[in-house]
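Per UniProt numbering, residue 1 is the first one in the sequence shown, and the count goes up by one each step. Glycine included, each C-beta is placed from N, C-alpha and C at the ideal position. Notes for the one structure printed next.
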Amino acid sequence: MAIKNKVEDRSRTKKYEKDKCVFMAETSADYLDDVTNESVLRLFVKDQLKEANLSLKQIEARIPELIQADKMLCKQLGEETRSKNEIQELYLPLLDEASRLRGHLAVFGLKEVRALDISSEELEWKEDMSCHLGSGTITRHGEEQPVALKVCKEFLDAKNASLIMAEVELLRKLEHPHIVQFYGTSLLKKDGTIRVMLVMEKCKENLKSRIFGHPESAPAKSAVQVKEVCRWAKEITAALVFIHKQGVIHRDLALENILLSEEDSVKITDVGVSKDAKDITGTLAGTPVYIAPEVFNSEVYDNKADIYSLGIILWEMWYGQQAYAGFNVSTLTALFKLIKEGYRPQHVKGSNVPPPLWKN
């Protein structure tokens with residue numbers, strides 16, 4: 001058998017030396033025939049799943065033990081006689097330790113796992129330190145592609161890693177044609193410190209600069225832009241519906257956070273302050289003019305807060321001017337007092353009236 005194998009190896013070597021391209025083509029074809037053979041493929045998959053099957057059996061064996069442990073815990077909680085302060089003194093150190101461990105795990109995830117997304121070596125970029133934003137290029141599918149970069153202000157450590165990781169997971173979750181595409185993370189290493197960079201799709205400008213920079217083109221004054229502005233409105237609402245279906249509230253929907261691609265298509269950005277609806281507890285976030293009253297008052301709110309912001313945005317898109325600019329107030333508190341009393345941006349006299357669906 002050994003002699004036979006040696007003869008076959010020698011024969012293959014000669015064939016390879018005679019015409020390397022033909023040999024590799026035939027060998028590749030033979031390999032593909034083998035791997036696409038159902039019986040061979042089934043054996044391969046079974047072999048690969050052995051370890052997973054073993055893990056599942058171990059978990060299955062522990063399920064009765066875990067159920068029993070849960071029952072005992074429920075019984076102990078029902079019979080608990082200690083005060084709230086006593087329980088806090090017992091468990092808060094454990095919670096702190098768990099948070100510390102979670103932070104270190106998140107640091108490991110960002111440094112050792114997520115760092116593989118986009119290597120800093122393949123990322124050529126320039127940073128604007130005034131706003132911690134940057135731009136650069138990456139190579140995708142053999143071609144250079146411009147990208148936008150968001151550089152985290154704080155150095156990566158166990159205290160902030162969990163929040164950064166949560167933002168990264170949220171960005172991966174929100175993949176939609178009218179949401180700025182998230183490509184991955186990279187690490188900025190300098191003087192022994194590390195900062196996380198979020199690598200994203202680059203757009204040419206935001207809707208605020210486009211609309212307020214050309215107020216004469218607003219649909220309220222000219223019919224030329226009506227079709228385009230209506231398209232933008234549809235794209236914004238499509239993206240917002242998608243965000244809400246994922247159980248997320250944007251919380252900072254504003255004209256400056258709505259970008260335009262090279263093709264003038266809408267791209268919602270700045271979802272870093274977005275949050276799962278189940279996690280909303282009355283935290284203040286957002287750009288003042290667009291903030292819903294319940295958010296400003298730090299009350300518990302839901303995705304209706306985004307709908308309020310959308311209403312303000314649609315008004316500005318139609319009239320080409322800042323909402324509430326005509327209100328004679330000197331502080332945000334005074335502005336929100338009027339808003340709470342029911343004041344809203346009104347139709348500007350002498351302007352084109354928006355269609356009924358726009359107002360509703």
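List the endpoints of the continuous beta strand (DSSP E) containing E216. Counting from 1 along the sequence shown, the entry for residue 216 is found at position 216. For E216, there is no enclosing beta strand (DSSP E), as DSSP marks it with neither H nor E.
Is the separation between the beta-carbon of I138 and that of I118 shorter than 9 Å? Counting from 1 along the sequence shown, the entry for residue 138 is found at position 138. Counting from 1 along the sequence shown, the entry for residue 118 is found at position 118. For I138 and I118, yes; Cβs fall inside 9 Å.
What whole-angstrom Cβ distance do L253 and L310 have, given they're in contact under 8 Å? For the purposes of this step, residue 253 is taken as the residue at position 253 of the sequence shown. For the purposes of this step, residue 310 is taken as the residue at position 310 of the sequence shown. So it is a contact: roughly 6 Å between Cβ atoms.
Where N206 sits in the DSSP three-state scheme: For the purposes of this step, residue 206 is taken as the residue at position 206 of the sequence shown. In the three-state reduction of the DSSP assignment, N206 falls in the strand class, which pools E and B.
Is the distance from the Cβ of K173 to the Cβ of V107 below 9 Å? Taking the first residue of the sequence shown as 1, we reach residue 173 at position 173. Taking the first residue of the sequence shown as 1, we reach residue 107 at position 107. Their beta carbons are not under 9 Å apart, which means K173 does not touch V107 by this criterion.
Cβ-Cβ separation, E316 to L259 (assumed contact under 8 Å), whole Å: Indexing the sequence shown from 1 puts residue 259 at position 259. Indexing the sequence shown from 1 puts residue 316 at position 316. In this structure L259 does not touch E316 by the C-beta definition: roughly 16 Å separates them, more than the 8 Å allowed.
Reference K153; option with closest CA among I179, R10, L187: For the purposes of this step, residue 153 is taken as residue 153 along the sequence shown, with counting starting at 1. Answer by Cα proximity: L187.
Looking at the structure shown, is F182 part of a helix, part of a strand, or coil, going by DSSP? As a position in the sequence shown, residue 182 is number 182, starting the count at 1. In this structure, F182 counts as strand in the three-state DSSP scheme.
Does the pairing of the stretch 198 to 218 with the stretch 142 to 161 give three or more beta-carbon distances under 8 Å? Touching, yes.
Validate contact between the stretch 286 to 295 and the stretch 224 to 242 using beta carbons, cut 8 Å, 3 pairs: Under the 8 Å Cβ criterion, the stretch 286 to 295 does not count as touching the stretch 224 to 242, having fewer than three qualifying pairs.
Please check the pair residue 365 and V196, which I expect to be a contact at CB under 8 Å, by giving their CB distance rounded to whole angstroms. Outside the displayed span of the chain (1 to 360) sits residue 365, for which this structure offers no information.
Would you kindly work out how many angstroms separate the C-alpha atoms of V40 and D33, rounded to a whole number? For the purposes of this step, residue 40 is taken as the residue at position 40 of the sequence shown. For the purposes of this step, residue 33 is taken as the residue at position 33 of the sequence shown. Taking the CA atoms as reference points, V40 sits about 10 Å from D33.
Return the residue from the list K245, Q322, L332 that minimises the CA-CA distance to D302. Start at 1 with the first residue of the sequence shown, and residue 302 comes out as number 302. Cα-wise, what sits closest to D302 is K245.
Compute the Euclidean distance between the alpha carbons of A161 and T333, then round it to the nearest angstrom. To locate residue 161, count along the sequence shown from 1; it is residue 161. To locate residue 333, count along the sequence shown from 1; it is residue 333. Approximately 34 Å between the Cα atoms of the pair.
Taking 9 Å as the cut-off, decide whether the C-beta atoms of T269 and V168 are in contact. Residue mapping note: residue 269 aligns to position 269 of the sequence shown, counting from 1. Residue mapping note: residue 168 aligns to position 168 of the sequence shown, counting from 1. Contact flag unset, no.
For D264, which residues from the same chain have a beta carbon less than 8 Å from its beta carbon, with the 5 sequence-adjacent residues on both sides left out? Here residue 264 is taken as the residue at index 264 of the sequence shown, counted from 1. Closer than 8 Å at the Cβ level, and outside the excluded window around D264, lie E228.
Where are the beta strand (DSSP E) runs, 3 residues long or more, that stay fully inside the stretch 24 to 56, in chain order? Along the stretch 24 to 56, the beta strand (DSSP E) does not occur as any fully enclosed run of 3 or more residues.
Where the alpha helix (DSSP H) through T237 begins and ends: Mapped onto the sequence shown, residue 237 falls at position 237. In this chain, the alpha helix (DSSP H) harbouring T237 covers 226 to 245.
Reference G326; option with closest CA among L66, E341, Q346: Within the sequence shown, residue 326 is the residue found at index 326, counting from 1. Ranked by Cα distance from G326, the first of L66, E341, Q346 is Q346.
Counting only the same chain and skipping the five closest in sequence on each side, list residues whose C-beta sits under 6 Å from that of A292. Locating residue 292 in the sequence shown gives position 292, where the first residue counts as 1. Shown here for A292: same chain residues with a beta carbon closer than 6 Å to its own, the five before and five after excluded, namely A305, Y308 in chain order.
Considering only the beta carbon of each residue, do G320 and H214 sit closer than 9 Å? The residue given as residue 320 occupies position 320 in the sequence shown. The residue given as residue 214 occupies position 214 in the sequence shown. Yes.
For P219 and N352, which I take to be in contact (beta-carbon distance under 8 Å), what is that distance rounded to the nearest angstrom? Within the sequence shown, numbered from 1, the residue matching residue 219 stands at position 219. Within the sequence shown, numbered from 1, the residue matching residue 352 stands at position 352. A Cβ-Cβ separation of about 6 Å places P219 in contact with N352 under the 8 Å criterion.
Neighbourhood of E216 by C-beta distance below 7 Å, restricted to the same chain and skipping five residues each side: As a working mapping, residue 216 is identified with position 216 in the sequence shown. Here E216 has S222 as same chain residues with Cβ atoms under 7 Å from its own Cβ, once five neighbours each way along the sequence are excluded.
Per-residue DSSP class, three states only, for L105: Taking the sequence shown and counting its residues from 1, the one referred to as residue 105 is at position 105. Residue state, collapsed to three classes: helix.
With a threshold of 6 Å on Cβ separation, who are the neighbours of T193 within its own chain once the five nearest residues in sequence on each side are excluded? On the sequence shown, residue 193 is found 193 positions in, with the first residue counted as 1. F155, listed in sequence order.
Where V295 sits in the DSSP three-state scheme: On the sequence shown, position 295 is the one that residue 295 refers to. Note: V295 maps to helix in three-state DSSP.
Can you tell me which of the three DSSP states E316 falls into? Translated into positions along the sequence shown, residue 316 becomes position 316. Helix at E316.
Within the continuous alpha helix (DSSP H) that includes R172, where are the two ends? Here residue 172 corresponds to residue number 172 of the sequence shown, with the count starting at 1. It spans 161 to 173 - the alpha helix (DSSP H) in which R172 sits, taken as one unbroken run.
L170 beta carbon less than 9 Å from that of V271: What you label residue 271 is simply residue 271 of the sequence shown in a count that begins at 1. What you label residue 170 is simply residue 170 of the sequence shown in a count that begins at 1. Yes, the pair counts as a contact, with Cβ atoms nearer than the cut-off.
Presumed contact (8 Å Cβ cut-off) between E235 and V266, rounded CB distance: Translated into the one-based positions of the sequence shown, residue 235 becomes position 235. Translated into the one-based positions of the sequence shown, residue 266 becomes position 266. Between E235 and V266, the beta carbon gap of about 4 Å places them in contact (Cβ cut-off 8 Å).
Of the residues E175, K190, D191, which one's Cα is nearest the Cα of G184? For the purposes of this step, residue 184 is identified with residue 184 of the sequence shown, where counting begins at 1. Closest in C-alpha terms to G184, from the list E175, K190, D191, comes E175.
Which first and last residues belong to the beta strand (DSSP E) in which L198 is found? If you number the sequence shown from 1, residue 198 lands on position 198. Run containing L198: 193 to 201, per the beta strand (DSSP E) assignment.
Close beta carbons around Y16, own chain, < 6 Å, minus the five adjacent residues each side: Counting from 1 along the sequence shown, the entry for residue 16 is found at position 16. Excluding sequence neighbours, Y16 sits near F23.
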